[in-house]
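Trainee:
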Amino acid sequence: MRNYVRAFLDGFPFSEKERTLMVLGVDEACTNIIRHAYHLRDDQPIALSMEAKQDCVCMRLRDYG
Numbered sequence: 001m002r003n004y005v006r007a008f009l010d011g012f013p014f015s016e017k018e019r020t021l022m023v024l025g026v027d028e029a030c031t032n033i034i035r036h037a038y039h040l041r042d043d044q045p046i047a048l049s050m051e052a053k054q055d056c057v058c059m060r061l062r063d064y065g
């Protein structure tokens, strides 16, 4: 997931620090989904959608727990 997010963000003029912080945020959110929605089961799906808007990048995570 981290590589996918980083590859998406590489197409935008963010600094390396900004990209790293966004990747870290998605990683932390995924960890929370695994911990709280899936009760530590890491074999469950997490959907990620990313969208570039005029002045921001939107990332949405969805769990099914």
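If you read the sequence shown in our numbering, its first letter stands for residue 1, the second for the next number, and so on.
Backbone N, C-alpha and C fix where the C-beta goes; we use that ideal spot for every residue, glycine too.
Check whether the stretch 35 to 47 and the stretch 11 to 22 touch, using three or more Cβ-Cβ pairs below 8 Å as the test.
Mentor: The answer is no - the stretch 11 to 22 does not touch the stretch 35 to 47, with fewer than three Cβ pairs under 8 Å.
Trainee: Measure the Cβ-Cβ separation of residue 50 and residue 60 and say whether it is below 9 Å.
Mentor: The answer is yes: Cβ separation under 9 Å.
Trainee: Taking the C-alpha atoms as reference points, what is the distance between residue 28 and residue 55?
Mentor: So the two alpha carbons sit approximately 24 Å from each other.
Trainee: Just reading off the alpha helix (DSSP H) that residue 27 is part of, what are its end residues?
Mentor: Unbroken alpha helix (DSSP H) run through residue 27: 16 to 32.
Trainee: Where does residue 61 fall in DSSP's three states?
Mentor: Residue 61: strand per DSSP, three-state reduction.
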